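Novice: Per my numbering, the sequence shown starts with residue 164, numbered consecutively.
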Amino acid sequence: MTRLGVNIDHIATLRQQRKEGQPNLADAARWAIAGGADNITMHLREDRRHIQDSDIFDLRPLVNELNFECATASDIIDIAIQVTPEWACIVPEKRTELTTEGGLYLAGNNQHLQSTIQKLQDHGIQVSLFINPTPLDVEIAKSLNANGIELHTGTYALSPTPELELAAIKDCASLAADMALKVQAGHGLNYSNIIAISQIAQIEEVNIGHSIICRAVEVGLTTATQEMKRLLNPTNS
Ligand code: PXP
164 MTRLGVNIDH
174 IATLRQQRKE
184 GQPNLADAAR
194 WAIAGGADNI
204 TMHLREDRRH
214 IQDSDIFDLR
224 PLVNELNFEC
234 ATASDIIDIA
244 IQVTPEWACI
254 VPEKRTELTT
264 EGGLYLAGNN
274 QHLQSTIQKL
284 QDHGIQVSLF
294 INPTPLDVEI
304 AKSLNANGIE
314 LHTGTYALSP
324 TPELELAAIK
334 DCASLAADMA
344 LKVQAGHGLN
354 YSNIIAISQI
364 AQIEEVNIGH
374 SIICRAVEVG
384 LTTATQEMKR
394 LLNPTNS
């Protein structure tokens, strides 16, 4: 079984266009869960461009498994500690980017990252690091004592010749699983490119936002989630 996390940031993006409460984020979470979402993912960005602090607190009781995406800013980490999601996924954040553009830069001094991981874990929150698919970054994630990694699939998703990227993702998934890290993958995954990713046994979970929310415009979020879940686990459908 490959688990599916549904990222509902884009529902909040649409709501923030008018700031009048529609579409309703709690309904979106319920619809995704009804369609088989195994977690609900929300990224509380420092610029609060989509998810708001209140969303995290309002949705926490509705969601059995919350994957809280965040950078390491101390006010955001304090919110994580208050809501205690099952998982926190630490990502890099840039003000000017349209969406997260790549994995964490791990080649420098990781002291702040390491103490953030420890702080979250001390409060019972498991931590994954959003990383580029390189063996070195997997090894660094392990050395920082992360519980898991989320492999950045954005380059794979955009490549006209994705075989090389796919091979790198496979190798890193295998290396990480051997190190007892939980292996997730995400970014740019859609109803076509998910097939090859779903065949990588070591990837336990994918986190998908944009393509599912786009499909939901046509068929509704419950059906859009079900369709993705079926592609991920064809033998169970
Ligand atoms: N995983 C991470 C760490 C992300 O930052 C994002 C984008 O917010 C996603 C998954 C989902 O990406 P997409 O919206 O392209 O499916």
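Cβ atoms here follow ideal geometry from the backbone N, Cα and C, with glycine treated the same way. All of these numbers come straight from a predicted model, not from anything done at the bench.
#1: Report yes or no: do the segment 329-337 and the segment 274-292 share at least 3 C-beta pairs separated by less than 8 Å?
#2: So Ile-242 and Asp-218 are supposed to be a Cβ contact under 8 Å. How far apart are they, rounded?
#3: Can you tell me which residues form a DSSP beta bridge with Ile-404?
#4: Assuming Thr-318 contacts Gly-349 under a Cβ cut-off of 8 Å, what Cβ separation, rounded to an integer in Å, is found between them?
#5: Based on the DSSP output, what are the partners of Asn-272 in its beta bridges?
#6: Of all the options Ile-303, Ala-359, Ala-340 and Cys-252, which has the alpha carbon lying nearest to the alpha carbon of Glu-328?
#7: Is DSSP giving Leu-229 helix, strand or coil here?
#8: Using the Cβ count rule (16 or more neighbours within 10 Å means buried), how would you classify Ser-355?
#9: In three-state DSSP terms, what is Asn-399?
#10: Go through its chain and collect everything with a Cβ distance to Ser-210's Cβ below 7 Å, but skip five positions before and after it.
#11: Might you give, ordered along the chain, the residues of its own chain that have their beta carbon closer than 7 Å to the beta carbon of His-286, omitting 5 neighbours on each side?
#12: How about Phe-231: is its Cβ closer than 7 Å to a heavy atom in the ligand PXP?
#13: Specify the secondary structure class of Val-460 as computed by DSSP and reduced to three states.
#14: So the beta strand (DSSP E) Gln-289 belongs to, where does it begin and stop?
#15: Determine the direct distance from the alpha carbon of Ser-306 to that of Ala-270, and round the result to whole angstroms.
#16: Could you check if Leu-352 belongs to the surroundings of the ligand PXP, using beta carbon to heavy atom distance under 7 Å?
#17: Taking the CB atoms as reference points, tell me whether Leu-225 and Ala-192 lie closer together than 8 Å.
#18: With DSSP as the reference, label Glu-326 as helix, strand or coil.
#19: When DSSP labels each residue in this structure, what does Met-205 get in the three-state scheme?
#20: Measuring alpha carbon to alpha carbon, tell me which of Ile-203, Ile-239 and Thr-398 ends up nearest Asn-227.
#21: How would you call His-275, buried or exposed, if buried means at least 16 neighbouring beta carbons within 10 angstroms?
#22: With a 10 Å radius around its C-beta and 16 neighbouring C-beta atoms as the bar for buried, classify Pro-397 as buried or exposed.
#23: Which residues mark the beginning and the end of the alpha helix (DSSP H) in which Gln-179 is found?
#24: Taking 7 Å as the cut-off, is the CB of Ser-163 close to at least one heavy atom of the ligand PXP?
#25: Could you check which residue in His-173, Ser-322 and Asn-295 has the C-alpha nearest to that of Leu-314?
Specialist: Result, derived from the coordinates:
#1: Counting Cβ pairs under 8 Å, fewer than three are found: no touch.
#2: Within the sequence shown, numbered from 1, the residue matching residue 242 stands at position 79. Within the sequence shown, numbered from 1, the residue matching residue 218 stands at position 55. 11 Å between Cβ atoms; not a contact.
#3: In the structure displayed, the chain extends from 164 to 400; residue 404 sits before or after that span and is not available.
#4: The sequence position of residue 318 within the sequence shown is 155, counting from 1. The sequence position of residue 349 within the sequence shown is 186, counting from 1. In fact, because the Cβ distance is near 12 Å, the residues do not count as touching under 8 Å.
#5: Start at 1 with the first residue of the sequence shown, and residue 272 comes out as number 109. The partner list for Asn-272 (beta bridge, DSSP) is empty, contrary to what the question assumes.
#6: For the purposes of this step, residue 328 is taken as residue 165 along the sequence shown, with counting starting at 1. It is Ala-359 whose Cα lies nearest to the Cα of Glu-328.
#7: Here residue 229 refers to the residue found at position 66 when the sequence shown is read from its first residue. When secondary structure is reduced to three states using DSSP, Leu-229 falls in the strand class.
#8: Stepping through the sequence shown from its first residue, residue 355 is reached at position 192. Per the 10 Å Cβ criterion, exposed.
#9: Residue mapping note: residue 399 aligns to position 236 of the sequence shown, counting from 1. The three-state reading of DSSP puts Asn-399 in helix, counting H, G and I together.
#10: Within the sequence shown, the letter at position 47 stands for residue 210. The sequence shown places Asp at residue 210, rather than the Ser named in the question. Within the same chain, and ignoring the five residues on either side of Asp-210 in sequence, the residues whose Cβ sits closer than 7 Å to its Cβ are Arg-258.
#11: Numbered from 1 along the sequence shown, position 123 holds the residue referred to as residue 286. So the list reads Ile-244 and Thr-247, once near-sequence residues are dropped.
#12: Mapped onto the sequence shown, residue 231 falls at position 68. No.
#13: Outside the modelled stretch of the chain, which goes from 164 to 400, sits residue 460, for which no answer is possible.
#14: Sequence index remark: in the sequence shown, residue 289 carries index 126 (1-based). First-last of the beta strand (DSSP E) with Gln-289: 289-294.
#15: Taking the first residue of the sequence shown as 1, we reach residue 270 at position 107. Taking the first residue of the sequence shown as 1, we reach residue 306 at position 143. In this structure, the alpha-carbon of Ala-270 lies about 12 Å from that of Ser-306.
#16: Residue mapping note: residue 352 aligns to position 189 of the sequence shown, counting from 1. Under cutoff, so the answer is yes.
#17: Numbered from its first residue, the sequence shown carries residue 225 at position 62. Numbered from its first residue, the sequence shown carries residue 192 at position 29. Yes, these two residues count as a Cβ contact at 8 Å.
#18: Counting from 1 along the sequence shown, the entry for residue 326 is found at position 163. Helix, per DSSP.
#19: Within the sequence shown, residue 205 is the residue found at index 42, counting from 1. Looking at Met-205 - three-state DSSP - the assignment turns out to be strand.
#20: The residue you call residue 227 lines up with position 64 of the sequence shown. Selection Ile-203, Ile-239 and Thr-398 evaluated against Asn-227 yields Ile-203 as nearest (Cα-Cα).
#21: Taking the first residue of the sequence shown as position 1, residue 275 is located at position 112. Exposed, by the Cβ-count rule.
#22: Looking up residue 397 in the sequence shown gives position 234. Result: exposed.
#23: Start at 1 with the first residue of the sequence shown, and residue 179 comes out as number 16. For Gln-179, the uninterrupted alpha helix (DSSP H) run begins and ends at 172-181, by DSSP.
#24: Any property of residue 163 remains undetermined from this structure, which presents the chain solely from 164 to 400.
#25: Taking the sequence shown and counting its residues from 1, one reaches residue 314 at position 151. Each of His-173, Ser-322 and Asn-295 was checked against the Cα of Leu-314, and the nearest Cα belongs to Asn-295.
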